[in-house]
Amino acid sequence: MKTGSPLIIGGREIKNRFFLGTGKFKSKADMKKSIIESKVEVVTVAMRRVDTDRHSENILEYLPEGTIIMVNTSGARNAKEAVRIARLAREAADIDWVKIEVINDSKYLLPDNYETVKATETLVSDGFTVLPYMHPDLYAARELQAVGAAAIMPLGSLIGSGQGLEARRFIEVLIAEIDAPIIVDAGIGRPSQAAEAMEIGADGVLANTAVAAAGDSAAMAKAFSMAVEAGRMAYTSKFIPSKELAEASSPLTGFLFDEKQ
Amino acid sequence: MISLTELKDILNNNDREFVEDLAQKARETTIQYFGRVVSLYAPLYLSNFCDNYCIYCGFQKNRQVKRKKLTIDEMHREMQKVSAAGIQNILLLTGESREKTPVDYIKGAVQAAKEYFPSISLEVYPLEVDEYRELFSAGVDGVTIYQETYNKARYKALHPGGKKADYQYRYSTPERVAQSGIRMINMGVLLGLSEVAEDIYHLFLHLEWMEKHYPGVEYALSFPRLIPLKNSFNDYIEVSDITLIKLICMARLLFPRVGINLSTREPAAIRDHALMLGVTRISAASKTTVGGYSLCHANTKAPQFEVMDNRSVKEIVEMLEQKGFDPVFTDWRADGIRNQLRPFGGRGTASLRRPFGPS
Numbered sequence: 001m002k003t004g005s006p007l008i009i010g011g012r013e014i015k016n017r018f019f020l021g022t023g024k025f026k027s028k029a030d031m032k033k034s035i036i037e038s039k040v041e042v043v044t045v046a047m048r049r050v051d052t053d054r055h056s057e058n059i060l061e062y063l064p065e066g067t068i069i070m071v072n073t074s075g076a077r078n079a080k081e082a083v084r085i086a087r088l089a090r091e092a093a094d095i096d097w098v099k100i101e102v103i104n105d106s107k108y109l110l111p112d113n114y115e116t117v118k119a120t121e122t123l124v125s126d127g128f129t130v131l132p133y134m135h136p137d138l139y140a141a142r143e144l145q146a147v148g149a150a151a152i153m154p155l156g157s158l159i160g161s162g163q164g165l166e167a168r169r170f171i172e173v174l175i176a177e178i179d180a181p182i183i184v185d186a187g188i189g190r191p192s193q194a195a196e197a198m199e200i201g202a203d204g205v206l207a208n209t210a211v212a213a214a215g216d217s218a219a220m221a222k223a224f225s226m227a228v229e230a231g232r233m234a235y236t237s238k239f240i241p242s243k244e245l246a247e248a249s250s251p252l253t254g255f256l257f258d259e260k261q
Numbered sequence: 001m002i003s004l005t006e007l008k009d010i011l012n013n014n015d016r017e018f019v020e021d022l023a024q025k026a027r028e029t030t031i032q033y034f035g036r037v038v039s040l041y042a043p044l045y046l047s048n049f050c051d052n053y054c055i056y057c058g059f060q061k062n063r064q065v066k067r068k069k070l071t072i073d074e075m076h077r078e079m080q081k082v083s084a085a086g087i088q089n090i091l092l093l094t095g096e097s098r099e100k101t102p103v104d105y106i107k108g109a110v111q112a113a114k115e116y117f118p119s120i121s122l123e124v125y126p127l128e129v130d131e132y133r134e135l136f137s138a139g140v141d142g143v144t145i146y147q148e149t150y151n152k153a154r155y156k157a158l159h160p161g162g163k164k165a166d167y168q169y170r171y172s173t174p175e176r177v178a179q180s181g182i183r184m185i186n187m188g189v190l191l192g193l194s195e196v197a198e199d200i201y202h203l204f205l206h207l208e209w210m211e212k213h214y215p216g217v218e219y220a221l222s223f224p225r226l227i228p229l230k231n232s233f234n235d236y237i238e239v240s241d242i243t244l245i246k247l248i249c250m251a252r253l254l255f256p257r258v259g260i261n262l263s264t265r266e267p268a269a270i271r272d273h274a275l276m277l278g279v280t281r282i283s284a285a286s287k288t289t290v291g292g293y294s295l296c297h298a299n300t301k302a303p304q305f306e307v308m309d310n311r312s313v314k315e316i317v318e319m320l321e322q323k324g325f326d327p328v329f330t331d332w333r334a335d336g337i338r339n340q341l342r343p344f345g346g347r348g349t350a351s352l353r354r355p356f357g358p359s
């Protein structure tokens, strides 16, 4: 369906399909190095952490030139708060790519799909390029697509857990049924898991903790970038079918058929 | 959830390897859930008038200390000073006197604070849901409320008068806060008032109950150790450094996403080590006297507790960076744009704005 086609979000072609979150790094310099070395094009920034008042504290000033900034609505507990945060981002920093993140559970941090749909609808009509983070539910994904989401970001597993593609089967359903790009977000702990997401046909992968909390963040960012690229290349190259058992050409019973022929 | 017996076993086990192992696990969990980010805040004492008789407290009603509450002008002076040091997250405190510091007074302080701080928390006497709601609308993000001790008999003995004598009313305070819509609740006990394992066990149960019933709230825990002012109170348990560190580690492992605060009532050495193990929020350059930042010399008014870590905000930031942490000043904005939030475009980095042209 999307084989070989470029990834276009908000009218812009994204070549590096690995997206990086900017939280949890040990320093802003470390974050910047990770972006540069992995050649990431799209980053998410939590508006709650953006401090435009002070130069040294302003995360936006550490982003390499040309980086596409997608503000996330981290901290929003409902659609109303998410909309307010996105508008604040536009007013304060002139950013109009927004990752909607509506979470009303501080223990599991699972996204609230109902509120996410509402916020998406409002922000799309405000002219934002909206990428909602969601629990991979087909009905919600259809709604999000219908109200104009630029891409849909289902979680791979619990955010920050590093458990990988626990939700694989449901993400496959979204990949099959939804035309908007699918970016797997949350729970991706290793480059191999990112590659797996790409191999099943996801259009991109977003990670944060796995890179920010790694021993060497810049090297890990690069590893993710390469894995995402490898996974995509594998997906577009068409796999051999996978089978339960080795394929034998009936060496034991073949004679029965041969004789008859 | 851990059992009381298991919790006691851990607190009693001071084997070097066991403690190190606990710390290693706590550190790993902290990095996984919080990365290397530490939030900074400062307390601001608005008033030390109090109607309670907490036997251990420097502000209790019977104690002969000079009482003071800040006027609006004084609040502004204090806030300007704290804000100028770089702090963006303020904790406003009062003694527990509804009469001297009614909700309107607190609301006035919150409105003043909004001019300087993106995020405002309160540590005041327990309020009703409607009152919390009013303060939430005025811009309050968080409330700190300590049960002090969960041992009811001990609670009764230590809080002989005032509204605070009502254990149940205090216990149900976090629930009222949550019902009001306020987004952050910081809970704790005053370590040393009663048997530590029992107090912590009940604190964890209380938090677990809150998490289940009010999942949308961001929770945090504090582990203040009682430091009585000189010659004022002797009937308490000394809580050792090793116990404090183990409590922080256990909290981190049992509640991986919960914030953990450590105030300047702890000395620098403890605070710096605890950062590695689970502490995610620390206060900096705190004054615990009313008017302590701008109005008086720190030693002319009685503090609620003695500050053990007197480092400046700058020194704290340097320490954090040296240890490989990213100090965070802004972690939430209750409001939209305020006056001092200048447009990003004014910084000569226009190339970062709309990298793909206006939509």
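Protein sequences appear in the order of chains A and B.
Take 1 as the starting number for the first sequence in this note's numbering and just add one per residue.
Take 1 as the starting number for the second sequence in this note's numbering and just add one per residue.
Where a beta carbon is used, it is the ideal one built from N, C-alpha and C, also for glycine.
- Message: Does Arg342/B come out as helix, strand or coil in the three-state DSSP assignment?
- Response: Stepping through the second sequence from its first residue, residue 342/B is reached at position 342. A caution first: Arg342/B carries a pLDDT of 38, below 50, which makes its placement in the model unreliable, though a value can still be read off. Looking at Arg342/B - three-state DSSP - the assignment turns out to be coil, as it is neither helix nor strand.
- Could you name the residues of the same chain whose beta carbon sits closer than 7 Å to that of Glu266/A, not counting the 5 residues immediately before and after it, in chain order? Chain A is shown from 1 up to 261; residue 266/A falls before or after that span and cannot be answered.
- Query: Mind checking if Ser157/A is an interface residue toward chain B, Cβ cutoff 8 Å exclusive?
  - Reply: If you number the first sequence from 1, residue 157/A lands on position 157. Chain B contact via Cβ: absent.
- Item | Ile182/A, DSSP secondary structure in three states | Counting from 1 along the first sequence, the entry for residue 182/A is found at position 182. In the structure shown, Ile182/A sits in a strand (DSSP, three-state: E or B).
- Task: Would you kindly work out how many angstroms separate the C-alpha atoms of Asn208/A and Met250/B, rounded to a whole number?
- Result: Taking the first residue of the first sequence as position 1, residue 208/A is located at position 208. Taking the first residue of the second sequence as position 1, residue 250/B is located at position 250. Each residue's alpha carbon lies about 26 Å from the other.
- Query: Thinking C-beta only, is Ile242/B closer than 8 Å to Asn389/B?
  - Reply: There is simply no residue 389/B to check, as chain B begins at 1 and stops at 359 in what is shown.
- Spatial neighbours of Asp130/B within its chain, please: CB distance less than 7 Å, with the 5 preceding and 5 following residues excluded, ordered by chain position. As a working note, residue 130/B is residue 130 in the second sequence. Excluding residues within five positions, none has a Cβ falling inside 7 Å.
- Item | Alpha carbon of Ala202/A to alpha carbon of Leu131/A, nearest angstrom | Residue mapping note: residue 202/A aligns to position 202 of the first sequence, counting from 1. Residue mapping note: residue 131/A aligns to position 131 of the first sequence, counting from 1. Each residue's Cα considered, the two are about 14 Å apart.
- Message: Can you tell me whether Phe19/A is helix, strand or coil according to DSSP?
- Response: In the first sequence, residue 19/A corresponds to position 19, counting from 1. Note: Phe19/A maps to strand in three-state DSSP.
- Answer with buried or exposed for Thr5/B, where buried requires no fewer than 16 other C-beta atoms within 10 angstroms of its C-beta. Here the question's residue 5/B lines up with position 5 in the second sequence. Exposed: under 16 other Cβ atoms inside 10 Å.
- Taking contact to mean at least 3 C-beta pairs separated by less than 8 Å, is the region 115-130 of chain B in contact with the region 91-105 of chain B? yes
- Item | Residues of its chain near Ala212/A, where Cβ-Cβ distance is below 6 Å and the 5 sequence neighbours each way are ignored | Position 212 of the first sequence, counted from the start, is the residue given in the question as residue 212/A. Excluding residues within five positions, the ones whose Cβ falls inside 6 Å are Lys24 and Phe25.
- In three-state DSSP terms, what is Ala140/A? By 1-based counting over the first sequence, the position of residue 140/A is 140. Reduced to three states, the DSSP call for Ala140/A is helix.
- Query: Which residue's Cα is closest to the Cα of Ala223/A: Ile35/A, Phe255/A, Ile178/A and Asp94/A?
  - Reply: Here residue 223/A corresponds to residue number 223 of the first sequence, with the count starting at 1. Selected option, being the one with the closest Cα: Ile35/A.
- Item | Continuous beta strand (DSSP E) assignments of at least 3 residues falling wholly in the region 256-325 of chain B | 259-262 and 281-283
- Coarse secondary structure for Thr5/B, derived from DSSP in three states: Stepping through the second sequence from its first residue, residue 5/B is reached at position 5. Correct three-state label for Thr5/B: helix.
- Query: So, does the CB of Ile248/B fall closer than 8 Å to a CB anywhere in chain A?
  - Reply: Looking up residue 248/B in the second sequence gives position 248. Ile248/B does not count as touching chain A.
- Along the region 15-28 of chain A, what residues have a CB closer than 8 Å to any CB found in chain B? Gly23, Lys24, Phe25, Lys26, Ser27 and Lys28
- Task: Classify Ile95/A as helix, strand or coil using the three-state DSSP reduction.
- Result: Stepping through the first sequence from its first residue, residue 95/A is reached at position 95. Looking at Ile95/A - three-state DSSP - the assignment turns out to be coil, as it is neither helix nor strand.
- Message: Need the endpoints of the beta strand (DSSP E) that Arg12/A sits in, please.
- Response: Residue 12/A sits at position 12 when you count from the first residue of the first sequence. Per DSSP, Arg12/A belongs to the beta strand (DSSP E) from Arg12 to Ile14.
- Task: Output, in sequence order along the chain, the residues in the region 265-278 of chain B whose CB is closer than 7 Å to any CB in chain A.
- Result: none
- Message: Please state the DSSP three-state secondary structure of Arg67/B.
- Response: Sequence index remark: in the second sequence, residue 67/B carries index 67 (1-based). Residue state, collapsed to three classes: coil.
- Item | Every unbroken alpha helix (DSSP H) inside the region 155-202 of chain B [4 residues or more] | 167-171 and 173-180
- Query: At a Cβ threshold of 8 Å, is Ser237/A touching chain B?
  - Reply: As a first step, residue 237/A is located in the first sequence; it is residue number 237 there, counting from the start. False, the Cβ-Cβ gap to chain B never drops below 8 Å.
- Start and end residues, beta strand (DSSP E) containing Tyr360/B: Not covered by the structure: residue 360/B. The range shown for chain B is 1 to 359.
- Query: Within the 8 Å Cβ cut-off, does Asp15/B reach chain A?
  - Reply: Here residue 15/B refers to the residue found at position 15 of the second sequence. No, Asp15/B lies away from the interface with chain A (no Cβ there is under 8 Å from its Cβ).
- Is there a Cβ from chain A that is less than 8 Å from the Cβ of Tyr33/B? Here residue 33/B corresponds to residue number 33 of the second sequence, with the count starting at 1. Closer than 8 Å to some Cβ of chain A, the Cβ of Tyr33/B qualifies, so yes.
- Consider the Cβ of Tyr116/B: report whether some Cβ of chain A lies at a distance smaller than 8 Å. To locate residue 116/B, count along the second sequence from 1; it is residue 116. No, Tyr116/B lies away from the interface with chain A (no Cβ there is under 8 Å from its Cβ).
- Mind checking if Ala180/A is an interface residue toward chain B, Cβ cutoff 8 Å exclusive? One-based indexing of the first sequence puts residue 180/A at position 180. With 8 Å as the cut-off, Ala180/A does not count as an interface residue toward chain B.
- Task: With Ala210/A as the anchor, note down where its alpha helix (DSSP H) starts and where it stops.
- Result: Against the first sequence, residue 210/A aligns to sequence position 210. Thr209 to Ala212 is the extent of the alpha helix (DSSP H) around Ala210/A.
- Message: So Gly139/B contacts chain A; which residues on that side make the cut at Cβ distance below 9 Å?
- Response: If you number the second sequence from 1, residue 139/B lands on position 139. Near Gly139/B there are no residues of chain A at all, since even the closest Cβ is about 13 Å away, more than 9 Å.
- Is the CB of Asp203/A under 8 Å away from at least one CB in chain B? Translated into the one-based positions of the first sequence, residue 203/A becomes position 203. Answer no: the Cβ-Cβ gap between Asp203/A and chain B never drops below 8 Å.
- Cross-chain neighbours of Pro43/B in chain A, by beta carbon under 8 Å: Along the second sequence, one-based indexing puts residue 43/B at 43. Correct list: empty, because the minimum Cβ distance to chain A is about 21 Å.
- Query: Who does Gly142/B pair with in a DSSP beta bridge?
  - Reply: As a position in the second sequence, residue 142/B is number 142, starting the count at 1. Answer is Ser121/B and Met184/B, bridged to Gly142/B.
- Starting from the Cα of Pro102/B, find the closest Cα among Val189/B, Ser194/B, Leu135/B and Glu318/B and give me that residue. For the purposes of this step, residue 102/B is identified with residue 102 of the second sequence, where counting begins at 1. It is Leu135/B whose Cα lies nearest to the Cα of Pro102/B.
- Should Asn299/B go down as buried or exposed, given a rule of 16 or more other Cβ atoms within 10 Å for buried? For the purposes of this step, residue 299/B is taken as residue 299 along the second sequence, with counting starting at 1. Because the pLDDT at Asn299/B is just 47, under 50, the model does not fix this residue reliably, and the point stays unresolved.
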